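The sequence shown: position 32 = 62 (the working numbering), numbered continuously.
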Amino acid sequence: MSEEIIEIENETEEIVEVENKEAVIEAVLFAMGNSVEYKKLAEVLNTSVEETISIVKAMQEKYNADENRGVSIVELEGAVQMCSKAEMYDHLVKIATVPKRYSLTDAVLETLSIVAYKQPVTRIEIEKIRGVNCDHAVNKLVEYGLIAEIGRLDAPGRPLLFGTTEEFLRSFGVKSLEELPTVTPDRIEEFKKEAAEEMQLKLDI
């Protein structure tokens, strides 16, 4: 057998192996529904995390390039999840329950911003920045699944600490917190000013 034929056969085997791994990844992500860490996928494939990431990246490119595919693979802080493409929404709502839509008021959105940038953070720390009570806003964000309790502060009373969730990343279309835009001290001052105006409005009413 010539070296050229052997080389072609080896390349064919490599292609088949990669395609098999892609099929395994598809099956796992479809069955799990939620995000799966790269580390877990690597264990399933019996390969390295680096190779797993490389395979997933190639799959993402294929999915995004093919307009006839209704799903995509999104990355969320060291994990990946199979999701319906955004442009499929109008078709999905015809047979599925309408997805939950968040009603993010300015107060809730500002509270979410503070949690995202200062996490882990307590209610008291949020209130110090906003200058008003934040119970309603925090409870709403927990209800929406955008933030969650992630522990307790080692201090008197052991207050709860809050941080953002994967749902937050999915909702705002970012892979990790590092992709969030920088918030300047001026913006923090704007939060305080808007909170003061909000409180004054409540007093006037």
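The beta carbon of each residue, even a glycine, is placed where N, CA and C say it ideally should be.
The structure presented is a predicted model; accordingly, all values stated were derived computationally and were not measured.
How is residue i classed by DSSP in three states: helix, strand or coil?
i: Leu106; result: coil
i: Leu191; result: strand
i: Val172; result: helix
i: Glu97; result: coil
i: Val138; result: helix
i: Ser114; result: strand
i: Asn50; result: helix
i: Ala72; result: helix
i: Ala167; result: helix
i: Ala178; result: strand
i: Val79; result: helix
i: Val151; result: strand
i: Val66; result: strand
i: Lys158; result: helix
i: Val204; result: coil
i: Asp120; result: helix
i: Glu34; result: Note that Glu34 scores 45 on pLDDT, short of 50, meaning its location in the model is unreliable and no value can be drawn from it.
i: Thr42; result: Because Thr42 carries a pLDDT of 34, less than 50, the predicted location of this residue cannot be relied on, and the following value inherits that uncertainty. Three-state result, Thr42: helix.
i: Leu210; result: coil
i: Phe61; result: Sequence check: residue 61 is Ala here, not Phe. If DSSP states are grouped into helix, strand and coil, Ala61 belongs with the helices.
i: Ala88; result: helix
i: Ala146; result: helix
i: Leu199; result: helix
Of all the options the options, which has the alpha carbon lying nearest to the alpha carbon of residue i?
i: Gly100; options: Ala88, Met89, Cys113; result: Cys113
i: Gly63; options: Gln111, Glu197, Val74, Glu209; result: Gln111
i: Ala146; options: Ala109, Asp184, Val204; result: Val204
i: Ser201; options: Met118, Val104, Ala167; result: Val104
i: Gly108; options: Ala88, Asp96, Pro211, Thr82; result: Thr82
i: Pro211; options: Val66, Ile144, Ala61, Ala72; result: Ile144
i: His166; options: Leu134, Tyr119, Lys87; result: Leu134
i: Leu59; options: Thr77, Glu80, Met89; result: Met89
i: Gln149; options: Tyr174, Glu179, His121; result: Glu179
i: Val138; options: Arg160, Glu117, Ser206, Met118; result: Arg160
i: Val79; options: Ala61, Leu207, Ile55; result: Ile55
Is residue i near the ligand MG, judged by its Cβ being under 8 angstroms from some heavy atom?
i: Arg188; result: You won't find the ligand MG in this model; it holds no ligand whatsoever.
When you compare the CB positions of residue i and residue j, do they come within less than 9 angstroms of one another, or not?
i: Thr194; j: Leu176; result: yes
i: Asn163; j: Glu157; result: yes
i: Leu106; j: Val86; result: no
i: Leu183; j: Leu190; result: yes
i: Tyr174; j: Glu196; result: no
My guess is that residue i and residue j are in contact by the Cβ rule of under 8 angstroms, so how many angstroms apart are they, rounded?
i: Asn94; j: Ser84; result: The Cβ separation is near 16 angstroms, so there is no contact.
i: Leu75; j: Lys51; result: 5 angstroms
i: Val172; j: Thr141; result: The pair is not a contact, with the Cβ atoms about 11 angstroms apart (cut-off 8 angstroms).
Please tell me whether residue i has its Cβ less than 9 angstroms away from any Cβ of chain D.
i: Glu97; result: Of the chains in the structure shown, none is chain D; there is only one protein chain.
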